[in-house]
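Numbering (this note's numbering), first residue to last: 9 to 142.
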């Protein structure tokens, strides 16, 4: 069993449309006026082919402003809050993107080729916040 981030899966979905040097800010609408986001960079030598520049977290959309200059945006967080993120920055944005299993499988294939393995008994979701929305 392998742990694969939904944010990394979003980035994988646009992998063939970006330059290797592009910074990806993947953001998912987390409801409660917040976004679940992380910043990644393509790195074929890193785990799964991606390296985290900013680890996944949940924050207010305003908090992303300092991270979105010279980046490529992807995910439902951009669909909802793109105008907030880009108030002072110019970014390329891929609207309407959602994590897809096929992209997760591509990451999993790279992980397995890199020798990764997981113990199913230790599998657990990663909760970023304790509050739940309806």
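Each residue gets a CB set at the ideal place from its N, CA and C atoms; glycine is no exception.
Note that the structure is predicted; figures quoted are calculated from it, not measured.
Q: Report buried or exposed for residue 135, applying the criterion of at least 16 other Cβ atoms within 10 angstroms of its Cβ.
A: Flag for residue 135 reads exposed.
Q. How is the beta strand (DSSP E) around residue 32 delimited, first residue to last?
A. Where residue 32 is concerned, the enclosing beta strand (DSSP E) stretches over 31-37.
**Q.** Bridge partner(s) assigned by DSSP for residue 67
**A.** Residue pairing from DSSP places residue 67 in a beta bridge opposite 43.
Q) With 16 as the cutoff for other CB atoms within 10 Å, does residue 25 come out buried or exposed? A) It counts as exposed.
**Q.** residue 104 Cβ short of 8 Å to the ligand SAH heavy atom set
**A.** The ligand SAH is not among the ligands present in this structure, which contains no ligands whatsoever.
**Q.** Assigned secondary structure, residue 108 (DSSP; H/G/I helix, E/B strand, else coil)
**A.** coil
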